[in-house]
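Below is one structure; the comments refer to it alone.
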Amino acid sequence: MLLAGGLATWSPPREKKVGPHAVKKMSSKIRVVIAKPGLDGHDRGAKVIARALRDAGMEVIYTGLRQTPEQIVAAALQEDADVIGLSILSGAHNHIAPRLMALLRQKGLDDVLVVIGGIIPDVDIPKLKEIGVKGVFLPGTPMQDIIGFINKNVRPRVGAELAPPGPG
Amino acid sequence: MKSVAEPVPKLLRERADSFTTISGRRIERVYGAADIADLDYSRDLADPGAFPYTRGIHPTGYRGKLWTMRQFAGFGTPEETNERYKTLLRAGGTGLSVAFDLPTLMGRDPDHELSLGEVGKCGVNVTSLADMETLFDGIALGDITTSMTINSPAAMIFAMYLVVAEKQGADWKKLSGTIQNDILKEFIAQKEYIFPPRPSMRIITDIFAFCSKQAPKWNTISVSGYHIREAGATALQELAFTLRDGLEYVQWGVDAGLDVDDFVPRISFFFNAHSDFFEEIAKYRAARKIWAHAMRDRFHARSERSWKLRFHSQTAGVSLTAQQPYNNVVRTALQALSAVLGGTNSLHTNSLDEALALPTADAATLALRTQQIIAHESGVANVVDPLGGSYFVEKLTREVEDGALAYFEAIDKMGGMVEAIERGFPQKEIAESAYRFQQAVERKEKIIVGVNDFVQHDAPPIEILYIDESAAEKQLAKLDRLQKTRNADQVARSLDALRAAARSTENLMPRILDAVRAYATVGEMCDALREVWGEYEEVPII
Numbered sequence: 023m024l025l026a027g028g029l030a031t032w033s034p035p036r037e038k039k040v041g042p043h044a045v046k047k048m049s050s051k052i053r054v055v056i057a058k059p060g061l062d063g064h065d066r067g068a069k070v071i072a073r074a075l076r077d078a079g080m081e082v083i084y085t086g087l088r089q090t091p092e093q094i095v096a097a098a099l100q101e102d103a104d105v106i107g108l109s110i111l112s113g114a115h116n117h118i119a120p121r122l123m124a125l126l127r128q129k130g131l132d133d134v135l136v137v138i139g140g141i142i143p144d145v146d147i148p149k150l151k152e153i154g155v156k157g158v159f160l161p162g163t164p165m166q167d168i169i170g171f172i173n174k175n176v177r178p179r180v181g182a183e184l185a186p187p188g189p190g
Numbered sequence: 203m204k205s206v207a208e209p210v211p212k213l214l215r216e217r218a219d220s221f222t223t224i225s226g227r228r229i230e231r232v233y234g235a236a237d238i239a240d241l242d243y244s245r246d247l248a249d250p251g252a253f254p255y256t257r258g259i260h261p262t263g264y265r266g267k268l269w270t271m272r273q274f275a276g277f278g279t280p281e282e283t284n285e286r287y288k289t290l291l292r293a294g295g296t297g298l299s300v301a302f303d304l305p306t307l308m309g310r311d312p313d314h315e316l317s318l319g320e321v322g323k324c325g326v327n328v329t330s331l332a333d334m335e336t337l338f339d340g341i342a343l344g345d346i347t348t349s350m351t352i353n354s355p356a357a358m359i360f361a362m363y364l365v366v367a368e369k370q371g372a373d374w375k376k377l378s379g380t381i382q383n384d385i386l387k388e389f390i391a392q393k394e395y396i397f398p399p400r401p402s403m404r405i406i407t408d409i410f411a412f413c414s415k416q417a418p419k420w421n422t423i424s425v426s427g428y429h430i431r432e433a434g435a436t437a438l439q440e441l442a443f444t445l446r447d448g449l450e451y452v453q454w455g456v457d458a459g460l461d462v463d464d465f466v467p468r469i470s471f472f473f474n475a476h477s478d479f480f481e482e483i484a485k486y487r488a489a490r491k492i493w494a495h496a497m498r499d500r501f502h503a504r505s506e507r508s509w510k511l512r513f514h515s516q517t518a519g520v521s522l523t524a525q526q527p528y529n530n531v532v533r534t535a536l537q538a539l540s541a542v543l544g545g546t547n548s549l550h551t552n553s554l555d556e557a558l559a560l561p562t563a564d565a566a567t568l569a570l571r572t573q574q575i576i577a578h579e580s581g582v583a584n585v586v587d588p589l590g591g592s593y594f595v596e597k598l599t600r601e602v603e604d605g606a607l608a609y610f611e612a613i614d615k616m617g618g619m620v621e622a623i624e625r626g627f628p629q630k631e632i633a634e635s636a637y638r639f640q641q642a643v644e645r646k647e648k649i650i651v652g653v654n655d656f657v658q659h660d661a662p663p664i665e666i667l668y669i670d671e672s673a674a675e676k677q678l679a680k681l682d683r684l685q686k687t688r689n690a691d692q693v694a695r696s697l698d699a700l701r702a703a704a705r706s707t708e709n710l711m712p713r714i715l716d717a718v719r720a721y722a723t724v725g726e727m728c729d730a731l732r733e734v735w736g737e738y739e740e741v742p743i744i
């Protein structure tokens, strides 16, 4: 007998790769780049959250492993991302996050929502928030919390229905 | 005939409609003689020490010798880690287990751009032989056994260990220990690969051949299910993919012209000890049985030593929670107990703080004490395979065995494990299981105490080990000094010879030993091979 996750029920997941041929669709869907910077290859969390966000109706682009901040920003630019989600478990966040935030500012992508998930010591969280990382999610965070956070904090999408103009 | 709407008698009402293991396996209310009616004692179980070793590989179990209490440790500089090792040995640890940092694991020197922020963070940084000399300073390698969790650069790190042992006057033929050296599970789960699968497999068969002559007591590979499970696999997937990886290594060794009985006895395994108690015990028992049959019947091994599956286990890091971290002590104790009841030969128990950081010395000591309490106070080590004959455990053992054999068949049809990996098969299976488990947790079908139930918001924070940037600074300064003092010509010549060997079919180990003796760095040796073989890049599967 095979288990629930076994051969019998397996079907190929959708593939999506960053590259010049990646298909861009104009839609009001929130576009999220999930990235795994640094040398670490533990990608369970990155892949689980990528699927959860996709199931929640977002357009998700997973960069794959060992991306430099430069590559992640290039992907965000090319993919017109509203959100960058970094998965970092190795302790390299204090180096990667400041570099990434500086590059985003340089490219005029200040309004991209940046969130980090992984193993982040409590003492580092205020430092990350100070440089503009909006959300830091530690082990055990429900996926629904992350989805809710993104929906609440993401910039409104161009082309999406705009709120009616007010008197101000 | 009874109506379907008729209520279940109160006495038989249950908490849930169905009960499943953490892996999603359905569990019945009670098991009985009918569940194991076709079990034949001598064929399926046999006494401990007898083929197929379902009940254990030693006739005396832990009455003869307790399992090795081997605590995985490493952080910062070789100096700091050397201190931790001495502490663990003084506390009664019976073997060392080295955790390397990501730059070392990925074959990058501390001055490489990708090493930024990673030096010494997840383990100890070892750049050259000089660091290895420091790491084992004052520890006699001839007297202890050492396990080293190193995969892509395993040949280089092992060569460094051999040279340090040689300098201490130890005999390679008597050296005992393990290198993980399991590249297949890197492609499948942990992703610490450098070179493409085929040249990676060639390095491994070169190590098999070298050790069978030069270091016959060294465990050349630790075929690892641990990381496969941590990546989200079920217990069955862990068992099936790990053992099938093992068969792949044996096949490659045979194809390289080695005699099965010359290298298979030095293949060992490494399993996860996860939270679902009986399913884990069944997994270990089935593993021994499947391996024994595969070695005897599929590869025609004649030596009993080839038939006996020996394994290390580690409690499940992924089961640890950042919330209410003291709960982790209890989780770890139960997981460790399952590994012991399953007959583990060696065990690492995780520390309570590892969902937050690398462990403090106190947390690591408590983890070791957990094993000592199981060994010396619980009484479970006094009898071999105490659960043998349990209707439930025997039925589960049979179920996971059958499930693993079905996976073997599917992978064999793909052409083998390398081919299965190249088409992303195990990777996709694991990602699917990981997602299903996460969904079950979110729906509260699976309860994690302190996370999705019994939540406590005022739990006081615990003290954690904070690794700053000083290790990186020290390692960079050492690398700079090394580059100024070593014989640059000797380094260049040895790296040229390594490149030439990589292009030919000659065994790489002697060339790597020469480069190590010249104090070539891990990064330089790996770069030499990158130039010849290129680097592997996976196609994202989501």
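As you go down the protein sequences, you meet chains A and B in turn. Straight run, no breaks: the first sequence in my numbering ends on number 190. Straight run, no breaks: the second sequence in my numbering ends on number 744. Ideal placement from N, C-alpha and C gives every residue a C-beta, glycine not left out.
Please determine, among B:437, B:505, B:486 and B:602, the residue with the shortest C-alpha to C-alpha distance to residue 466 of chain B.
Comparing Cα-Cα distances from residue 466 of chain B to each of B:437, B:505, B:486 and B:602, the minimum goes to B:505.
Does the CB of residue 559 of chain B have a neighbour CB from chain A at under 8 Å?
Chain A contact via Cβ: present.
Would you verify that the beta carbon of residue 53 of chain A is, or is not, closer than 8 Å to some beta carbon of chain B?
At least 8 Å separates the CB of residue 53 of chain A from every CB of chain B.
Alpha carbon of residue 100 of chain A to alpha carbon of residue 370 of chain B, nearest angstrom
Taking the straight line from one Cα to the other gives about 56 Å.
Residue span of the beta strand (DSSP E) that contains residue 274 of chain B, given as start and end:
Counting along the chain, the beta strand (DSSP E) containing residue 274 of chain B begins and ends at 270-275.
For a contact meaning CB atoms closer than 7 Å, what does residue 637 of chain B contact in chain A?
Around residue 637 of chain B, the beta-carbon contacts reaching into chain A at under 7 Å are 70 and 73.
Closer than 8 Å at the beta carbon, the chain A residues around residue 525 of chain B
Under the 8 Å cutoff, chain A gives 162.
DSSP state of residue 513 of chain B, grouped into three classes?
Strand at residue 513 of chain B.
is_contact[residue 148 of chain A, chain B] using C-beta, thresh 8 Å:
Taking CB atoms only, residue 148 of chain A has no neighbour in chain B less than 8 Å away.
Cβ shell of residue 729 of chain B (< 7 Å), same chain only, five flanking positions each side left out:
Cβ within range, chain order: n/a, list empty.
Closest Cβ-Cβ distance between residue 166 of chain A and chain B: below 8 Å?
Yes - at least one Cβ of chain B is within 8 Å of the one on residue 166 of chain A.
Short-range partners of chain B found in the segment 96-127 of chain A, where Cβ spacing is below 9 Å:
Taking a C-beta cut-off of 9 Å against chain B, the contacting residues of the segment 96-127 of chain A are 111, 112, 113, 114, 115, 116, 117, 118 and 121, listed in chain order.
Flag residue 669 of chain B as yes if its beta-carbon sits less than 8 Å from any beta-carbon of chain A, otherwise no.
True, the Cβ-Cβ gap to chain A drops below 8 Å.
Can you name the residues of chain A whose CB is closer than 7 Å to the CB of residue 537 of chain B?
What residue 537 of chain B touches in chain A: nothing, since even the nearest Cβ is about 17 Å away.
Against chain A, does residue 731 of chain B count as a neighbour if the rule is that its beta carbon must be under 8 Å from one of theirs?
Judged by the 8 Å Cβ criterion, residue 731 of chain B is not in contact with chain A.
Stretch pair the segment 479-496 of chain B + the segment 510-521 of chain B: three plus CB contacts closer than 8 Å
Using a Cβ-Cβ distance cut-off of 8 Å, the segment 479-496 of chain B and the segment 510-521 of chain B are in contact, since at least three pairs of beta carbons, one from each stretch, lie closer than that value.
Short of 7 Å Cβ to Cβ, which residues in the segment 292-306 of chain B face chain C?
No chain C appears in the structure shown, which is made up of the protein chains A and B.
Judging by CA-CA distance, which residue of B:601, B:620 and B:594 is the nearest neighbour of residue 234 of chain B?
Restricting attention to B:601, B:620 and B:594, the CA atom closest to the CA of residue 234 of chain B is found in B:594.
Which residues in chain A have a C-beta closer than 7 Å to the C-beta of residue 666 of chain B? List them in chain order.
Here the neighbours are 143.
Within-8 Å CB hit, residue 241 of chain B to chain A
At a cut-off of 8 Å between beta carbons, residue 241 of chain B makes no contact with chain A.
Is the shortest distance between the beta-carbon of residue 702 of chain B and the beta-carbons of chain A less than 8 Å?
No, its Cβ sits nowhere closer than 8 Å to a Cβ of chain A.
Sort out for me which residues DSSP pairs residue 81 of chain A with in a bridge.
The partner list for residue 81 of chain A (beta bridge, DSSP) reads A:53.
Where does residue 471 of chain B fall in DSSP's three states?
Strand at residue 471 of chain B.
Relative to the C-alpha of residue 446 of chain B, which residue among B:319, B:622, B:457 and B:522 is closest?
Nearest C-alpha to residue 446 of chain B: B:622.
Looking at the C-beta of residue 392 of chain B, does it have a partner C-beta in chain A at a distance below 8 Å?
Yes, contact with chain A.
At which residues does the alpha helix (DSSP H) containing residue 550 of chain B begin and terminate?
Boundaries for residue 550 of chain B: no alpha helix (DSSP H) harbours it, while the beta strand (DSSP E) harbouring it runs 548-550, taken from the DSSP string.
Please confirm if residue 177 of chain A has its CB atom under 8 Å from at least one CB of chain B.
Chain B contact via Cβ: absent.
Output the residue ranges of the beta strand (DSSP E) runs that lie fully inside the segment 117-178 of chain A and measure 3 residues or longer, sorted by chain position.
Within the segment 117-178 of chain A, complete beta strand (DSSP E) segments of at least 3 residues are found at 135-140 and 157-159, given in chain order.
Whose C-alpha, out of A:128, A:68 and A:62, is nearest the C-alpha of residue 54 of chain A?
Nearest option by C-alpha distance: A:68.
From the DSSP output, in three-state form, read off residue 402 of chain B for me.
Judged by DSSP in its simplified three-state form, residue 402 of chain B adopts helix.
Apart from the five residues on each side of it in sequence, which residues of its chain come closer than 8 Å, Cβ to Cβ, to residue 603 of chain B?
Once the five neighbours on either side are set aside, the close Cβ partners of residue 603 of chain B are 488, 491 and 492.
Extent of the continuous alpha helix (DSSP H) run through residue 263 of chain B:
Counted as a single uninterrupted DSSP element, the alpha helix (DSSP H) harbouring residue 263 of chain B occupies residues 263-266.
In or out: residue 661 of chain B buried (at least 16 other Cβ within 10 Å) or exposed?
The residue in question, residue 661 of chain B, is exposed, as its Cβ has fewer than 16 Cβ neighbours within 10 Å.
Beta carbon of residue 476 of chain B, beta carbon of residue 392 of chain B: below 8 Å?
No, these two residues do not count as a Cβ contact at 8 Å.
Hey, how far is the Cα of residue 300 of chain B from the Cα of residue 443 of chain B?
Just so you know, the alpha carbons of residue 300 of chain B and residue 443 of chain B end up roughly 25 Å apart.
Using a Cβ-Cβ cut-off of less than 9 Å, give me the residues of the segment 82-93 of chain A that come near chain B, in sequence order.
Residues are counted here when their Cβ sits less than 9 Å from a Cβ of chain B; for the segment 82-93 of chain A these are 82, 84, 85, 86, 87, 88 and 90, given in chain order.
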